[in-house]
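Novice: I'd like to ask some things about the structure below.
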Amino acid sequence: MTSSESKSECFVYITLPRETTSVTAGRFVHTTDKRGVSTGKFAYGKSYLSRNNAVEIDPIDLKLGSATYQSARLGGVFGSLRDAGPDFWGRRLIERHSGKLGLSEVDYLLESPDDRAGALGFGLNQGPPAPLRDFNKTIQLERLQTIAQKVVREQLTESTHEAIQVQELLLIGTSMGGARPKAVVEDDLGLWIAKFPREDDRWNNPRVEHAMLELARLCGINAARSRVENVGGKDVLLVQRFDREKVSRGYFRARMFSGLTLLRAEESPLQTNNWSYVILAEQLRRIVAEPKRDAAELFRRMCFNALISNIDDHPRNHAFIAFDKEWRLSPAYDLTPSPAVSRERRDLAMDCGDLGRYANAKNLLSQSSRFLVRQDQAREVISVMADQVRSKWHGVARAQGVSEPDAKTISGAFVYGGFEL
Ligand SMILES: Nc1ncnc2c1ncn2[C@@H]1O[C@H](COP(=O)(O)OP(=O)(O)O)[C@@H](O)[C@H]1O
Ligand SMILES: [Mg+2]
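Sequential numbering of the sequence shown, starting at 126, is according to our numbering.
Spelled out as structure tokens, the structure:
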């Protein structure tokens with residue numbers, strides 16, 4: 126092997142439907158060759174395949190079967206495994222914690238805690254570890270927020286005390302994806318993702334995101350449940366996890382993968398071919414239990430994102446879950462308005478019709494049949510939702526504690542001029 130070649134591997138565990146402990150599903154091997162090209166291989170274990178309750182990790186790249194699967198996309202990490210790993214925020218913490226740069230993709234999977242999204246786990250032992258039981262509680266939010274803030278400010282020194290704090294933060298969960306500072310916390314109802322404010326936020330993000338989830342629900346969208354808590358004078362958004370269900374003996378875990386995985390797309394904003402709601406709708410129709418329901422729901426979300434100028438609606442901000450055998454579109458999450466873009470033309474992160482990403486009613490209508498929505502129904506959805514967003518966004522925002530100055534700052538996001546051109 127030359128110095129640039131490398132190989133790492135791990136076992137992949139899965140919590141089966143209606144179980145609270147995991148079993149070993151298979152083995153993942155990641156190699157990088159001399160040219161720096163990475164490839165991943167995955168094979169289900171024989172004993173896993175012989176279980177009568179075995180389920181597929183995903184219905185795209187890793188269907189149940191005895192083949193050895195291979196992939197070179199996403200740096201050689203199968204989409205659904207990558208979806209179970211940390212993103213920008215989690216990677217940053219793991220690097221701090223390990224003190225190493227240049228961790229391998231397998232290192233990121235192994236170093237991240239097991240409160241990750243979905244039903245998968247990773248480890249070096251053939252048998253899975255015991256399930257995580259000690260989650261941080263919502264009452265510890267203030268402390269978590271202080272540590273998260275230090276990480277954002279890069280203020281953590283190398284002192285042992287600080288290092289221990291980062292370790293604690295890691296233990297409580299940053300496997301969740303995304304770029305914003307967050308942690309996983311528990312209360313009597315179950316698990317929540319705590320999304321902390323950042324000092325460079327232009328408005329009260331937690332309250333605004335909470336208001337957008339409420340507004341989406343008013344517009345008939347199945348949105349994640351959320352609430353805002355004030356800790357130490359700062360608002361923190363708590364989004365209830367839709368991939369966990371609390372039961373007396375622990376947690377049921379839904380399998381989960383992102384829109385990026387379903388699209389077989391790359392995640393770099395420089396390689397966005399296939400980033401498309403239309404393709405996502407066609408792909409979801411092949412894999413969900415109720416294509417008509419979920420495709421129409423995706424259509425509504427696309428319209429809603431256009432109406433609130435949520436231009437951060439990239440394929441990782443869409444997901445699919447399965448508590449049992451059958452897959453469905455997950456509740457909507459990570460909804461953010463963007464007021465500071467052109468008044469005439471705004472583009473979503475994904476194609477939404479014949480005119481590409483243009484957040485415009487005609488464009489949204491142009492491919493409605495691919496979402497199994499008739500033209501007349503699609504027109505109705507758009508006009509009713511535009512009225513709702515226009516007339517309700519301000520009231521909802523204020524009712525959820527968004528200040529009047531913040532409401533003014535975000536006002537340009539709603540039903541912008543180019544939407545109905
Ligand atoms: N309510 C939820 N339940 C389960 N997983 C979620 C939920 N909300 C978000 N996620 C997962 O966590 C990731 C990060 O959350 P997100 O709200 O998108 O954060 P960010 O604003 O940092 O992108 C998402 O990409 C998704 O995989
Ligand atoms: Mg996100």
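All residues carry an ideal CB built from backbone N, CA and C; glycine is no exception.
1) Can you give me the C-alpha to C-alpha distance between Asp437 and Ser175, rounded to a whole angstrom?
2) Tyr169 lies in the beta strand (DSSP E); which residues open and close that run?
3) Tell me the start and end of each unbroken beta strand (DSSP E) in the stretch 418-492 that is at least 3 residues and wholly inside, in chain order.
4) For Thr127 and Ala192, what's the separation of their Cα atoms in angstroms?
5) Using the rule of at least 16 other Cβ atoms within 10 Å of the residue's Cβ for burial, across every protein chain shown, is Gln251 buried or exposed?
6) Quick test of your reading: Arg103 and Phe377, contact by CB under 8 Å. State the CB separation rounded to the nearest angstrom.
7) Can you check the stretch 189-223 for any alpha helix (DSSP H) of at least 4 residues that lies completely inside it and give the ranges in chain order?
8) Could you compute how far the alpha carbon of Ser131 sits from the alpha carbon of Pro211?
9) For a quick check, are the C-beta atoms of Thr571 and Ser129 less than 9 Å apart?
10) Name, in chain order, the residues that DSSP records as bridge partners for Lys359.
11) In whole angstroms, what is the alpha-carbon distance linking Val364 and Tyr169?
12) In this structure, how does DSSP classify Ser373 when only helix, strand and coil are distinguished?
13) Are the CB atoms of Val333 and Phe260 within a distance shorter than 9 Å?
14) Quick check: the Cα distance between Arg441 and Glu529, rounded to an integer number of angstroms?
15) Ligand 2 and Gly303: does any heavy atom of the ligand fall closer than 8 Å to the residue's C-beta?
16) Decide yes or no for the touch test of the stretch 313-328 against the stretch 214-228: beta carbon pairs closer than 8 Å, at least 3 of them.
17) Name, in chain order, the residues that DSSP records as bridge partners for Gly248.
18) Count the other CB atoms within 10 Å of the CB of Asp476; is the residue buried (16 or more) or exposed (fewer)?
19) Please classify Val276: does DSSP put it in a helix, a strand, or coil?
20) Going by C-alpha distance, which of Asp312, Pro306, Leu340, Thr164 is nearest Asp326?
21) How would you label Ala209, buried or exposed, when you count the other beta carbons within 10 angstroms and need 16 or more for buried?
22) Does ligand 2 have even one heavy atom less than 8 Å from the beta-carbon of Asp459?
23) What do you get for Tyr541, buried or exposed, if any count of 16 or more other CB atoms within 10 angstroms of its CB means buried?
24) Is the closest heavy atom of ligand 1 to the C-beta of Ser205 under 8 Å?
Specialist: The answer reads as follows:
1) Between the C-alpha atoms of Asp437 and Ser175 there is a straight-line separation of about 42 Å.
2) Note, Tyr169: beta strand (DSSP E), 163-169.
3) Within the stretch 418-492, the complete beta strand (DSSP E) runs of at least 3 residues are 444-447.
4) Because Thr127 sits at a pLDDT of 47, beneath the cut-off of 50, its placement in the model cannot be relied upon, and the point is left open.
5) In the assembly as shown, Gln251 is an exposed residue. Its beta-carbon has fewer than 16 other beta-carbons within 10 Å.
6) Absent from the model: residue 103. The displayed extent of the chain is 126 to 546, so no value can be given.
7) If we require 4 residues or more, the alpha helix (DSSP H) runs fully inside the stretch 189-223 come out as 204-207, 213-223.
8) Cα to Cα, Ser131 sits roughly 21 Å from Pro211.
9) With the chain running from 126 to 546 in the structure shown, residue 571 is simply not present.
10) Val356, per the DSSP bridge assignment.
11) Approximately 33 Å between the Cα atoms of the pair.
12) Ser373: coil per DSSP, three-state reduction.
13) Not a contact, by the Cβ cut-off of 9 Å.
14) So the alpha carbons of these two residues sit roughly 31 Å apart.
15) Yes.
16) Touching, no, given that fewer than three Cβ pairs across the two stretches are closer than 8 Å.
17) Answer is Phe136.
18) With 16 or more other Cβ atoms within 10 Å, it is buried.
19) It is helical.
20) Asp326 has its Cα closest to that of Pro306, out of Asp312, Pro306, Leu340, Thr164.
21) By the Cβ-count criterion, Ala209 is buried, with 16 or more other Cβ atoms from all chains shown falling within 10 Å of its own Cβ.
22) Under cutoff, so the answer is yes.
23) Counting C-beta atoms within 10 angstroms of its own C-beta, Tyr541 has 16 or more neighbours from the protein chains shown and is therefore classed as buried.
24) Answer for Ser205: no, Cβ out of range of ligand 1.
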